[in-house]
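Visitor: If you're matching positions, the sequence shown starts at 2 in our numbering and goes up one per residue. For each residue, glycine too, the CB sits at the ideal point set by N, CA and C. Below is a structure I'd like to ask you about.
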Amino acid sequence: MLVPKLNFENDFDLQIKQDKDTFFIYDLVRKNWFLLTPEEWVRQHWLHYFHFIKKKNLSSLILEKKLELNGTTKRIDLLVTEKTKPKILIECKAPNIALKQVHFEQIARYNSLIGAEQIIISNGLHHIFAEHTENGYQFRKDFE
């Protein structure tokens, strides 16, 4: 399977296996193999970035957590916590998906329930960073 090189300064040692024509990627947090979709490729890069580069404990990284929003069940892609408090909420899109206002609105709705200080929207090639303030969101070049 051809996967694109993503826009991260570091290369990560991602474990990939093949079963017939299907590829899987190993998730360090959930300790299981998952179907290697384009979105999962991006999510695993962020997981590795926060664990190996930012030195976050695996227990502080929450993936695919369910949440109820307006009577429907949604899933967040990745939440970085600090002392169990929500710190950074990440919404991952496939690399071929252009990041748009609708994606920002999606993560902002999710964050209205989560309450993370910062949000990231990423397709692996482009990343949008924003900090939650009392007046809404302030876009940033990076995150802390």
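Can you give me the Cβ contacts of Phe25 inside the same chain, cut-off strictly under 8 Å, excluding the 5 residues immediately before and after it?
Guide: Result list for Phe25: Ile17, Lys18, Gln19, Trp34, Phe35, Leu36 and Leu37, in chain order.
Visitor: Do Ile77 and Ile89 have their C-beta atoms within less than 9 Å of each other?
Guide: No, Cβ-Cβ distance for Ile77 and Ile89 is not below 9 Å.
Visitor: Give the single residue among His46, Thr23 and Glu40 whose Cα lies nearest to the Cα of Asp12.
Guide: Closest option to Asp12, Cα to Cα, is His46.
Visitor: My understanding is that Gln107 touches Glu92, with C-beta atoms under 8 Å, so please give their C-beta distance in whole angstroms.
Guide: About 6 Å; that satisfies the 8 Å criterion.
Visitor: In the DSSP output, which residue or residues are listed as bridge partners for Asp20?
Guide: Bridge partners of Asp20: Thr23.
Visitor: In angstroms with no decimal places, state the Cα-to-Cα distance between Lys86 and Lys67.
Guide: So the alpha carbons of these two residues sit roughly 17 Å apart.
Visitor: Looking at His133: is its Cβ nearer than 9 Å to the Cβ of Ile121?
Guide: No, they are not a contact pair.
Visitor: Under the rule that 16 or more other beta-carbon atoms within 10 Å means buried, what is Ala99, buried or exposed?
Guide: With fewer than 16 Cβ atoms within 10 Å of its Cβ, Ala99 is classed as exposed.
Visitor: Between which two residues does the alpha helix (DSSP H) containing Ile115 stretch?
Guide: Note, Ile115: alpha helix (DSSP H), Gln102 to Ile115.
Visitor: Have a look at Ala109, Glu69 and Tyr50 and flag the residue whose alpha-carbon is nearest the alpha-carbon of Asp28.
Guide: Comparing Cα-Cα distances from Asp28 to each of Ala109, Glu69 and Tyr50, the minimum goes to Tyr50.
Visitor: Taking the beta carbon of Gly72 as the centre, do at least 16 other beta carbons fall within 10 Å, making it buried, or is it exposed?
Guide: That one is exposed.
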